[in-house]
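**Q**
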């Protein structure tokens, strides 16, 4: 942890401002205490992306999460074998979203099943979810997912899905960092990331005798538009 007690007031204010916090009129001692609290919370540098340097911010986020690589999309070793995934619950999802999104509050958590991100998961928009356990001594594992867009057949870049990743602590199940390639996913808390988190939480581990413990895409449980040629039209019959 950085030592703020020896820093001047302008330097501490700059540190806080780089993390989206404006603190004027404080004594040096109080500013140092505030900066120490911010450091413990792992608030990312430039959380509002005012410097518009997304790559540097993501690399800093990964470094804080304990990752030595700069792009989870480019590393190999991803698998659908979920036998070694950490325990992951709704609490871990809510804890992450409450810290990352201003629109998540107590009221929204009570009705989370009506939120758009949960509907993405429930309606089967998560097309792929894989895990990379990294090294044996690594404290985290990385998941990558692919999620279909809701309002159009393809993404804004012409792809069939948005790709995202998130880092999870192997012991505690905490979400340490996340990112999505969608227009609003740079902060790691978009609906596509959240849908993948719900997908992970819904996965049920199997015992050794039950066969392979692999993630499989769930069938969509609701009706969806189809081409006319694929429709089967039946004339109703009425009893007389």
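Numbering (full-length UniProt numbering), first residue to last: 1 to 240. Here a beta-carbon is modelled for each residue, glycine too, at the ideal position from N, C-alpha and C.
1. Examine the Cβ distances between the stretch 171 to 179 and the stretch 60 to 67 and report whether three or more of them are shorter than 8 angstroms.
2. Would you identify the three-state DSSP class for residue 145, choosing helix, strand or coil?
3. Going by beta-carbon coordinates alone, are residue 137 and residue 75 separated by less than 8 angstroms?
4. Would you report the Cα separation of residue 207 and residue 157, rounded to the nearest angstrom?
5. What is the DSSP secondary structure of residue 204, counted as helix, strand or coil?
6. Can you tell which of 20, 88, 162 and 33 has its C-alpha closest to the C-alpha of residue 199?
7. What separation, rounded to the nearest whole angstrom, lies between the Cα atoms of residue 234 and residue 160?
8. With distances taken from CA atoms, which of 25, 181, 168 and 150 is nearest residue 96?
9. Would a C-beta distance cut-off of 8 angstroms place residue 93 and residue 197 closer than the cut-off?
10. Smallest Cα separation from residue 122: which of 147, 102 and 142?
**A** Considering the structure as presented:
1. Touching, per the Cβ criterion.
2. Three-state result, residue 145: strand.
3. With a cutoff of 8 angstroms on beta-carbon distance, residue 137 and residue 75 are scored as not near each other.
4. At residue 207 the pLDDT is 49, less than 50, meaning the model places this residue with poor confidence; the figure from the coordinates comes in the next sentence. Computed Cα separation, rounded: 41 angstroms.
5. Coil at residue 204, not helix or strand.
6. Looking at 20, 88, 162 and 33, the one whose alpha-carbon comes closest to that of residue 199 is 88.
7. In a straight line, the C-alpha of residue 234 is about 32 angstroms away from that of residue 160.
8. If we check each option's Cα against that of residue 96, 168 comes out closest.
9. It is a contact, given that the beta carbons lie within the stated cut-off.
10. For residue 122, the closest C-alpha among the options 147, 102 and 142 is that of 147.
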